[in-house]
Structures are given as structure tokens and as C-alpha cells.
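Visitor:
In the numbering used here, the protein residues as written are 184 to 288.
Structure follows, in C-alpha cells:
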């Protein structure tokens, strides 16, 4: 991975087909730690994991903000990002609650 970035945000696919979103300053080491079970977190009982998507950031603060945003997304939005389907990602991002539609009329 490139040394241009200070931090990475990534999405892993776990053995139970769930997704895990995380951040790290060294993505290669961190993914290896997930697969070795170094930490007893979400992925520990869901190994092995596979890297599905990652993005580099120039600041750790930017990576934290991106990670928090993606963690709040639905599975469909995460899959649109993984597949590079920006049109679908935008469509899934549109607010569809009743109060939004009332204010649009």
C-alpha cells in the first residue's frame, strides 16, 4: 500500500457473510491481525476475513470520519461502495422518510 496515506478505512467480508468496517495506519498488518485473531473483537469468531474495499486518507481524522459514516450505512450501501456503483450508492442515500417528502412538495 502507498506511503502517501497516513490512515486507511476498509471493509472486510467475514466468514459469516457480514461486513466489518475499520480503520488503521497500516492496513496490511491490521488485516493480518484480524485473520490471526489478535484482538477479541467483532471479527474474532468470524474468521477468515477478506478485504473487499479500502481507501487511503492523508489524515487520521479524515479516516475516522469516513469510518463512522460507513459504519452507519446499510448493507446495500456498503455493497454499492464495494462494487463501485456510485449511482446506486447515491440512490440509496436519498432520504425517504415521510417528513422529507412533505417538505419537498
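By construction, the Cβ of each residue, glycine as well, lies at the ideal position given by its N, Cα and C atoms.
1. Comparing C-alpha positions only, which one of 256, 205, 236 sits nearest to residue 272?
2. The alpha helix (DSSP H) spanning residue 276 covers which residue range?
3. Between the Cα of residue 254 and the Cα atoms of 239, 275, 194, 263, which residue gives the shortest distance?
4. Are three or more beta carbon pairs between the stretch 240-248 and the stretch 216-229 nearer than 8 Å?
5. Kindly list the residues whose CB is nearer than 7 Å to the CB of residue 216, restricted to its own chain and excluding five residues on each side of it in sequence; keep chain order.
6. Whole angstroms is fine: what's the gap from residue 209's alpha carbon to residue 197's?
7. Could you spell out where the beta strand (DSSP E) holding residue 202 opens and where it closes?
8. Taking the alpha carbon of residue 191 as the reference point, which residue from 236, 269, 229 has its own alpha carbon closest?
9. Among the residues of its own chain, which have a CB less than 7 Å from the CB of residue 246, if the five just before and after it don't count?
10. Let me make sure I understand the geometry here. Which of 234, 202, 200, 201 has the alpha-carbon closest to that of residue 214?
11. Taking the C-alpha atoms as reference points, what is the distance between residue 201 and residue 230?
Guide: Inspection of the coordinates gives the following:
1. 256
2. 269-276
3. 194
4. no
5. If we look at residue 216 and ignore the five residues flanking it on each side, its Cβ neighbours are 222.
6. 19 Å
7. 202-207
8. Nearest of 236, 269, 229 to residue 191, Cα basis: 236.
9. 190, 191, 192, 206, 240
10. 234
11. Taking the straight line from one Cα to the other gives about 11 Å.
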